[in-house]
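In terms of this note's numbering, the sequence shown opens at residue 6 and continues consecutively.
The structure under discussion appears below in the form of structure tokens.
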Amino acid sequence: MQYLRGKKIPVSPADTLDAVEVTELTGYTDKTLLKNGLAAALAKSKDELALFEAAFDEYFHPSTQQPRAQQAPHRTDGDSDNPSQASEPSPDEQQAEPNVDPLEGLRGSALFDALESQDETSLSVAIETAAAEAKVEEISLFTQRGQYVRKMLDALGDEALREAAIEFEQSEPAAFEAVQALREQLRERVRDRVERAYLIHASAATEDLLDESLSKLKLGNVDHSHMARLKRLMDRMARKLAARHGRRRRRFRRGKLHVAETVRRAIPTDGVPFHPRWRKTERKRPQIMAICDVSGSVAAYAKFLLMFLYALQDVLPRTRSFAFSAALGEVSDLFAQLPVEEAIERVNLKYGGATDYGRALQDFSDLALAEVNSATTVIILGDARNNQADPRVDLLGEIKARAKQVIWLNPESLRLWGTGDSEMLLVKRHCHLAKECNNLKQLERIIDKLLSDRR
Numbered sequence: 006m007q008y009l010r011g012k013k014i015p016v017s018p019a020d021t022l023d024a025v026e027v028t029e030l031t032g033y034t035d036k037t038l039l040k041n042g043l044a045a046a047l048a049k050s051k052d053e054l055a056l057f058e059a060a061f062d063e064y065f066h067p068s069t070q071q072p073r074a075q076q077a078p079h080r081t082d083g084d085s086d087n088p089s090q091a092s093e094p095s096p097d098e099q100q101a102e103p104n105v106d107p108l109e110g111l112r113g114s115a116l117f118d119a120l121e122s123q124d125e126t127s128l129s130v131a132i133e134t135a136a137a138e139a140k141v142e143e144i145s146l147f148t149q150r151g152q153y154v155r156k157m158l159d160a161l162g163d164e165a166l167r168e169a170a171i172e173f174e175q176s177e178p179a180a181f182e183a184v185q186a187l188r189e190q191l192r193e194r195v196r197d198r199v200e201r202a203y204l205i206h207a208s209a210a211t212e213d214l215l216d217e218s219l220s221k222l223k224l225g226n227v228d229h230s231h232m233a234r235l236k237r238l239m240d241r242m243a244r245k246l247a248a249r250h251g252r253r254r255r256r257f258r259r260g261k262l263h264v265a266e267t268v269r270r271a272i273p274t275d276g277v278p279f280h281p282r283w284r285k286t287e288r289k290r291p292q293i294m295a296i297c298d299v300s301g302s303v304a305a306y307a308k309f310l311l312m313f314l315y316a317l318q319d320v321l322p323r324t325r326s327f328a329f330s331a332a333l334g335e336v337s338d339l340f341a342q343l344p345v346e347e348a349i350e351r352v353n354l355k356y357g358g359a360t361d362y363g364r365a366l367q368d369f370s371d372l373a374l375a376e377v378n379s380a381t382t383v384i385i386l387g388d389a390r391n392n393q394a395d396p397r398v399d400l401l402g403e404i405k406a407r408a409k410q411v412i413w414l415n416p417e418s419l420r421l422w423g424t425g426d427s428e429m430l431l432v433k434r435h436c437h438l439a440k441e442c443n444n445l446k447q448l449e450r451i452i453d454k455l456l457s458d459r460r
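Below, the structure is given as structure tokens:
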């Protein structure tokens, strides 16, 4: 009932008693019957019925009722041997094969096999089973995330991977790195699951607390039902930044005396400087160029960066936007002609696809490099995962040499930079600033610093 109240559905004590009676009559087995029964007892109008149905579906999704046979991930390498035999070779086999893969001892473990083979189905089932065992639905405070992440990792069997990593740390560096990378991937997935649970089960908290929590959650994990709230929160942050940085500096009428011009103007008055002249400093008009990767992995983050930048147009009047997955193109005109949300949808449709940072930087150089100068801030948003292709850091270095600053925002955790096909450790050397940025609070801090540096 608390969850429904958090969804703005009024539930009185009498309604609660009616709901309990309905549940006793219908049971939990048939979800449709339960849903219809509770709707009849709790929804008092068409609007409340629509809210109730959405809340019911959200609360019971995703379902963890999977067939038992699917709950243990299976090996996908085609090996039909007994996993326990594969993990414990006989002394004769050890003597015949002195160069045994140190990871072989972990193979046969359901968790390790699923992680190594990227078996999404098995991992999803295992994570949902662990979530149920850890009772993640009981989370109520933002600060409890770490506690529930630890509970889920223990339920998944991360302790065996942790012990293997400790064993390999000194003796097998390559195996240690491989195990640690898999552990980090698992931790990220578990953290995402806990954050989604928090969003569902903490909806009855106060408005300010939920706003604070939303501002710290990964933008890619925000549920569609919270998108309107997130948009309002972002608009409020933009107005705060605009108020802070939009104040005009006092313009002084006097500056450094321009002696030559003053003397020249004093000739008609016999050298008496009735009209002194002051030097004026010509300043290049600042501009921002935003280059956004809109491929599937980071599209949500690019969307919010662009929305934030265009919400600040009173403070940042010269923002040019570029989008890419492989080919890059300027999309500034779309934002000038259409509402921001519609413009972003069109950008994603036109430029979404496989990522190629090298081609994108080449296209940017052809389109706009000549207009990059000491008043230009270039913001690049992307995960720097380039599918093993050449990232063309030489072009990035040329942009850095021309621009006032190059800022790279990466929505991935710092711990994942440089793992797999990530080129982040290489490209960050050619940026003035490289930051992890995956939530509104981080984005607000970075834009705030950018506006402060501009003044």
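Positions of the beta carbon are idealized from the N, C-alpha and C atoms, including for glycine.
key: Classification of Val303 by the beta-carbon crowding that lies within 10 angstroms, buried from 16 upward   = Counting from 1 along the sequence shown, the entry for residue 303 is found at position 298. So Val303 ends up on the buried side.
ask   = Under the DSSP definition of a beta bridge, which residues are partnered with Met294?
value = For this step, residue 294 is matched to residue 289 along the sequence shown. In DSSP, Met294 forms a bridge with Arg325, Val383.
request  = Could you spell out where the beta strand (DSSP E) holding Val303 opens and where it closes?
outcome  = Counting from 1 along the sequence shown, the entry for residue 303 is found at position 298. Annotation: Val303 is outside any beta strand (DSSP E) and is labelled neither H nor E by DSSP.
query = In three-state terms, what does DSSP make of Glu376?
reply = For the purposes of this step, residue 376 is taken as residue 371 along the sequence shown, with counting starting at 1. In this structure, DSSP gives Glu376 a helical state, which the three-state scheme calls helix.
ask   = Which stretch, first to last residue, makes up the alpha helix (DSSP H) that contains Gln479?
value = Residue numbering for the chain in the displayed model covers 6 to 460; residue 479 lies beyond these limits and cannot be assessed.
ask   = At a cut of 8 Å, does the region 426-445 reach the region 394-408 through at least three beta carbon pairs?
value = Verdict: yes, contact present.
key: Cα-Cα separation between Val130 and Phe309, rounded to whole angstroms   = Working through the sequence shown from its first residue, we reach residue 130 at position 125. Working through the sequence shown from its first residue, we reach residue 309 at position 304. Rounded to the nearest angstrom, the two C-alpha atoms are 31 Å apart.
query = Based on the DSSP output, what are the partners of Glu441 in its beta bridges?
reply = Along the sequence shown, read from residue 1 onward, the residue named residue 441 stands at position 436. In the DSSP assignment, the residues bridged to Glu441 are Asn415.
task = Note down, in chain order, each residue of its chain lying with its Cβ closer than 7 Å to the Cβ of Phe313, except the 5 sequence neighbours on either side.
result = Translated into positions along the sequence shown, residue 313 becomes position 308. If we look at Phe313 and ignore the five residues flanking it on each side, its Cβ neighbours are Met239, Ala243, Leu448, Ile452.
Per DSSP, the bridge partner or partners of Trp283 = As a first step, residue 283 must be located in the sequence shown, where it is residue number 278. Answer by DSSP bridge pairing, in chain order: Leu262.
query = For Glu428, which three-state DSSP category applies?
reply = Stepping through the sequence shown from its first residue, residue 428 is reached at position 423. Residue state, collapsed to three classes: coil.
key: Neighbour-count burial assignment, His435, 16 or more Cβ in a 10 Å radius   = Counted from its first residue, the sequence shown places residue 435 at position 430. Under this definition His435 is a buried residue.
ask   = Where do the ends of the alpha helix (DSSP H) carrying Gly334 lie?
value = Here residue 334 refers to the residue found at position 329 when the sequence shown is read from its first residue. Segment 333-335 is the beta strand (DSSP E) holding Gly334; no alpha helix (DSSP H) there.
query = In three-state terms, what does DSSP make of Gln390?
reply = In the sequence shown, residue 390 corresponds to position 385, counting from 1. Before going further, note that residue 390 is Arg rather than Gln in the sequence given. Residue state, collapsed to three classes: strand.
query = Going straight from the alpha carbon of Ser50 to that of Ala359, what length do you get?
reply = Counted from its first residue, the sequence shown places residue 50 at position 45. Counted from its first residue, the sequence shown places residue 359 at position 354. C-alpha separation (whole angstroms): 47 Å.
query = Which first and last residues belong to the alpha helix (DSSP H) in which Gln152 is found?
reply = Here residue 152 is taken as the residue at index 147 of the sequence shown, counted from 1. Where Gln152 is concerned, the enclosing alpha helix (DSSP H) stretches over 150-161.
task = Identify whether Phe313 lies in helix, strand or coil by the three-state DSSP scheme.
result = For the purposes of this step, residue 313 is taken as the residue at position 308 of the sequence shown. Assigned with DSSP and collapsed to three states, Phe313 falls in helix.
Sequence-distant residues of the same chain with beta carbon closer than 8 Å to His280, five excluded per side = For the purposes of this step, residue 280 is taken as residue 275 along the sequence shown, with counting starting at 1. Within the same chain, and ignoring the five residues on either side of His280 in sequence, the residues whose Cβ sits closer than 8 Å to its Cβ are Thr267, Arg270, Ala271.
request  = Within 10 angstroms of the Cβ of Ala265, are there 16 or more other Cβ atoms? Answer buried if so, exposed if not.
outcome  = One-based indexing of the sequence shown puts residue 265 at position 260. Flag for Ala265 reads exposed.
Inter-stretch contact at 8 Å, needing at least 3 Cβ pairs: the region 369-386 / the region 403-412 = Contact between the region 369-386 and the region 403-412 is established, with three or more Cβ pairs separated by less than 8 Å.
task = Compute the distance between the beta-carbons of Leu47 and Phe57, then report whether it is under 7 Å.
result = Along the sequence shown, one-based indexing puts residue 47 at 42. Along the sequence shown, one-based indexing puts residue 57 at 52. Yes, the pair counts as a contact, with Cβ atoms nearer than the cut-off.
key: C-beta contact flag for Lys440 and Leu414 at 7 Å   = Here residue 440 corresponds to residue number 435 of the sequence shown, with the count starting at 1. Here residue 414 corresponds to residue number 409 of the sequence shown, with the count starting at 1. Less than 7 Å separates the beta-carbon of Lys440 from that of Leu414.
message = Which residue marks the beginning of the alpha helix (DSSP H) containing Ser122, and which one marks its end?
response = Mapped onto the sequence shown, residue 122 falls at position 117. Ser122 -> alpha helix (DSSP H) spans 115-122.
inquiry  = For Ser114 and Leu456, I'd like the C-alpha separation in whole angstroms.
reply    = Here residue 114 corresponds to residue number 109 of the sequence shown, with the count starting at 1. Here residue 456 corresponds to residue number 451 of the sequence shown, with the count starting at 1. Distance from the CA of Ser114 to the CA of Leu456, rounded to the nearest whole angstrom, comes to 51 Å.
query = Leu191 to Asp163, Cα distance in whole Å?
reply = The residue given as residue 191 occupies position 186 in the sequence shown. The residue given as residue 163 occupies position 158 in the sequence shown. Taking the straight line from one Cα to the other gives about 9 Å.
key: Buried or exposed (CB count within 10 angstroms, at least 16 for buried), Val25   = Locating residue 25 in the sequence shown gives position 20, where the first residue counts as 1. Counting of Cβ neighbours within 10 angstroms places Val25 among the exposed residues, the total staying below 16.
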